[in-house]
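Residue numbers (my numbering): 1294 to 1669.
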Amino acid sequence: MVRFVATADWQLGMAARYLQPEAQARYGQARLDAVRRIGEVAAAHDAAFVVVGGDVFESNQLDRQVVVRAFEALADVPVPVHLLPGNHDPLDAASLYTSTLFTRHRPDHVHVLDTAGVHPVHDGVELVAAPWFGKRPLGDLVAQAVAPLPPAPDGVVRVLVGHGQVDVLDPDGSRPTTVALADLTAALDDGRLHVAVLGDRHSTTQVEPRVWYPGTPEVTARRETDPGNVLVVDVGPDHLEVETVAVGRWTFDDPEHRLDTADDVSALLAELRGRRAKERTALWLRLSGTLALRDKIALDAGLDELAPAFARLDLWHRHLDLAVVPDDHDFADLALTGFAADAVLELRDVAASGTEASAAAQDALGLLHRLVGAGR
Ligand SMILES: [Mn+2]
């Protein structure tokens, strides 16, 4: 019986150009802090080691600082750490793992699973590794690592560590690297393996009770459903228990809201205002509905006011289906005359025309309203 921490897809060095510039460095640091928190989880649960299922690094060409700081964070992890090269950081000719920077600075308790097959890592524990040796392997590396396995010796626990999408969850299952779940479950059924840890899927996912994606410990994209976790795994020849432990601190999200009234706008703004840890939150709002111009102006003003508190807060334009309808009240208060009044009438026609120019006309009306209104 052994207890270990399973994690994957650290993507250290990942640039996040979609965040505000000041947030990018904080986010990079958060990914390193997650490594330290993984060490804390290992200590708190008395885990024997940590295994990382690939994509430890975002690429093989990284700033020296990323690698050196990764080692600083890893130095704080109190148990051995086993790194699997994945598709982002494969063991190819340009591999980070064979660079002098890596080999010279690597802490003694950090190991690279640099060959396919069995690695005895602990008393009575063998990792069965399926590392990537290039960006485009020609086959299912997990199946290749598992096929030649003899049954596990008596009392020995075997943990498969691989990287890639399993066929049952992959809509584009035609890729040569797709992991065949059937081969994996066959090896689990006949005692060649006892549990499988996979990387590549950044949301924590139980494929079947013995096959898991830990997911990324700190969110990497807005469409991940359950990122920010690691797994604490208890496994013996006849025993398996997997616990999900949250370690992530950041939130990336793309909430959907339908806005048709002033109340809808106020409710959305109140919800955003009430969010905790805004500086560690990036939101891409997906809005739909039909708003009066004055309500759209209130929305824009509210978002402008809140945005600086967030790591990112704006509209996801590709998923924006918000029509703005200028009504008679919108400009009556401004008492426009002459040229400006004519412009408003013309813009209103275009805004309501449902043509390609409508959005631009709506923006122009909003701007005009704000400029003239501000001058009063
Ligand atoms: Mn990945």
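Ideal Cβ positions, reconstructed from N, Cα and C, are used throughout, including at glycine.
Ligand 1 and residue i: does the residue's C-beta get closer than 7 Å to at least one heavy atom of that ligand?
i     : result
G1321 : no
Q1381 : The sequence shown places His at residue 1381, not Gln. True, at least one ligand heavy atom lies under 7 Å from that Cβ.
Q1304 : yes
D1348 : yes
D1493 : yes
Tell me the residue span of the alpha helix (DSSP H) that contains residue i.
i     : result
A1436 : L1434 to V1439
G1332 : P1314 to A1337
S1559 : A1555 to R1566
R1357 : R1357 to A1368
The beta strand (DSSP E) with residue i in it runs from where to where?
i     : result
R1296 : V1295 to T1300
V1643 : Segment G1631 to A1644 is the alpha helix (DSSP H) holding V1643; no beta strand (DSSP E) there.
T1498 : T1498 to E1501
E1419 : V1418 to A1422
D1546 : T1544 to D1546
N1522 : N1522 to G1529
R1551 : E1549 to R1551
T1537 : H1532 to A1539
P1444 : Neither: P1444 is in no beta strand (DSSP E) and is coded neither H nor E.
G1455 : V1450 to H1456
P1413 : G1410 to H1415
V1692 : For the chain, the structure presents residues 1294 to 1669; residue 1692 sits outside this window and is missing.
What number of angstroms, rounded off, separates the C-alpha of residue i from the C-alpha of residue j?
i     : j     : result
V1361 : R1397 : 10 Å
K1571 : D1447 : 52 Å
V1345 : V1374 : 8 Å
V1637 : T1554 : 22 Å
V1349 : H1456 : 11 Å
M1307 : D1356 : 11 Å
A1625 : R1324 : 52 Å
L1608 : L1565 : 13 Å
A1653 : D1463 : 40 Å
P1510 : D1642 : 51 Å
A1409 : D1382 : 15 Å
A1480 : G1529 : 15 Å
E1333 : G1541 : 13 Å
L1388 : N1353 : Looking at the sequence shown, residue 1388 is not Leu but Ser. Their Cα atoms are separated by approximately 5 Å.
V1525 : R1569 : 27 Å
V1461 : L1474 : 7 Å
V1411 : R1485 : 11 Å
T1537 : R1611 : 34 Å
L1434 : G1521 : 26 Å
D1339 : T1391 : 31 Å
D1407 : L1384 : 7 Å
F1672 : F1426 : The chain is shown only over 1294 to 1669; residue 1672 falls outside these bounds and no answer can be derived.
G1492 : Q1458 : 8 Å
Using beta carbons (cut-off 8 Å, strictly below), is residue i in contact with chain C?
i     : result
V1540 : Of the chains in the structure shown, none is chain C; there is only one protein chain.
How should residue i be labelled, buried or exposed, when 16 other C-beta atoms within 10 angstroms of its C-beta is the threshold for buried?
i     : result
M1294 : exposed
E1351 : buried
E1239 : Because the chain here runs from 1294 to 1669, residue 1239 falls outside it and cannot be looked at.
F1297 : buried
Q1322 : exposed
E1534 : exposed
E1639 : exposed
G1508 : buried
Q1499 : exposed
L1613 : exposed
R1615 : Here the sequence assigns Leu to residue 1615, which means Arg is not the residue at that position. Flag for L1615 reads buried.
E1517 : buried
G1432 : exposed
A1602 : exposed
D1302 : buried
P1444 : exposed
H1532 : exposed
D1401 : exposed
V1662 : In the sequence as displayed, the identity of residue 1662 is His instead of Val. The residue in question, H1662, is buried, as its Cβ has 16 or more Cβ neighbours within 10 Å.
Verify the contact flag: residue i, CB atom, against every heavy atom of ligand 2, threshold strictly below 7 Å.
i     : result
K1589 : Of the ligands one can find in the structure shown, namely ligand 1, none is ligand 2.
Runs of beta strand (DSSP E) lying entirely within the stretch 1562-1623, each at least 3 residues, in chain order
Whole beta strand (DSSP E) segments, 3+ residues: 1574-1585, 1605-1608 and 1614-1618.
Run through the stretch 1472-1512 for me and flag every whole alpha helix (DSSP H) of 4 or more residues, listed as ranges in chain order.
Those alpha helix (DSSP H) runs which fall completely within the stretch 1472-1512 and span 4+ residues are 1474-1482.
Complete beta strand (DSSP E) runs within the stretch 1369-1406 (minimum length 3 residues, chain order):
Unbroken beta strand (DSSP E) stretches of 3 residues or longer found wholly inside the stretch 1369-1406: 1374-1376 and 1403-1405, given in chain order.
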